[in-house]
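Take a look at the structure set out below.
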Amino acid sequence: MPRSYTPQEHADVTVWESMKAGFISGGLAAIPTSMGLYAAMNFSPKFVKATNWQSRTALAIMPPLFAFAYVSSNPNHLYPRLLLRTLAAAESKLVHRMHEMASEAEHSKHMAEWTQQHVLKEHREQLKRMSTQKILAQPGMAGQKMIGATTVGDTNEEQEREIDAKFRESIVNSGVRVVPGSSLGVHHKIANFWQENPFKILAGIGIPSVLYIFRGKAGQEHLQMQMKVMHTRVLGQATVITMLLTLMGFKEYMDRTGKFITESDVEARVAQMQQSRIELLNRLQREKMEHEKVAEQRRKAHEADLKMRDAKKLLQDA
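Residue numbers (UniProt numbering): 1 to 318.
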């Protein structure tokens, strides 16, 4: 029997499969890279003269690292044509959106199941109330009838409050952080944007930073152009990696604690859930009325058949 995973176990399995695919792709990319570097070192004096040990190390390491990072972020993108068409930033945002949609779908599924169970419970309670009303409709029960009607009304209001509380609790526990008021603060909006678009922020900050480093090195006339580019690459790479670690660290924090939403957003979602519940109840009521109508037609048809049969029997006896 296949094992049933919890959401956290699903996430761990997905991370491990992605890491495994990344390691395999990085190893496969390292083979032609190492062979090409070895051939250039042994058969191309120009290559040896134009490069140093730092650039050669970068040529050996960067392609496998790129293959690992790209494939591990989405192991299904293994075809060359698709690799050429897909950008890393767009891919990361797509994967994040897919996870978010999956989480919302799972939450909606649980709420639909809970709503269906609650509707069945309400239906059973309604049958009990109908039985009670039939008893109260008997002679001598007029005083108790008013008490029963008041109790039913209070019960309905209490059930509505309970349902609202359940809906609100499900939203609060769905991986979000509720901010009082009807609008988010600037820092809340920045945090949400940071969580959804880390690579946009990295590109917006990293590229100007590298250009600023190159501009500073270009003013040092005692350095050759090759050394200026090399220093820019080393410092720029360290800067971008530091930014990347910071961005992804905060994104991981936001993924674990949840994005910010306002109290108005919670109320809007509760209202949407209530609307869905009302539509479900109306649909069940329509189906019930249709079934009762069909049953009434069958009963009348059966009575007509019995009357016709009795009439034929009387004619035969006559």
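Beta carbons are placed, not taken as given, at the ideal position from N, Cα and C, and that holds for glycine.
For V270 against G236, the beta-carbon gap comes to about 49 Å, at or over 8 Å, which does not count as contact. Around the beta carbon of S44, fewer than 16 other beta carbons lie within 10 angstroms, which makes this residue exposed. For T51, the three-state secondary structure derived from DSSP is coil. Residue environment: I171 is assigned as buried (16 or more neighbouring CB atoms within 10 Å of its CB, all protein chains considered). G185 and T262 have their C-alpha atoms some 10 Å from each other. Cβ-Cβ distances below 8 Å link A60 to A30, T33, S34 and L37 in the same chain, with the five nearest sequence neighbours on each side left out; the list follows chain order. The C-beta of T51 has 16 or more other C-beta atoms within 10 Å across all chains shown, which makes the residue buried.
For Q272, the enclosing alpha helix (DSSP H) covers residues E263 to D317. A67 and G26 do touch by the CB rule: their CB atoms are close to 5 Å apart, below 8 Å. In this structure, the straight-line span from the alpha carbon of I190 to that of I207 is close to 20 Å.
For G216, the enclosing alpha helix (DSSP H) covers residues P198 to A218.
The beta carbons of L245 and L202 sit about 11 Å from each other, so the pair does not count as a contact at 8 Å. Under the Cβ criterion (8 Å, minimum of three pairs), the region 157 to 177 does not count as touching the region 221 to 236. A straight line joining the alpha-carbon of A218 with that of A39 spans about 33 Å.
Cβ-Cβ distances below 7 Å link F23 to F68 in the same chain, with the five nearest sequence neighbours on each side left out; the list follows chain order. Taking the Cβ atoms as the reference, Q195 lies roughly 7 Å from D255, within the contact range of under 8 Å.
In this structure, N173 sits away from F260, with a CB-CB distance that is not shorter than 7 Å.
Of the other Cβ atoms in all chains shown, 16 or more fall within 10 Å of the Cβ of M273; this residue is therefore buried.
Within the same chain, K217 and H231 come within 8 Å of L223 by CB-CB distance, once the 5 residues on both sides are set aside.
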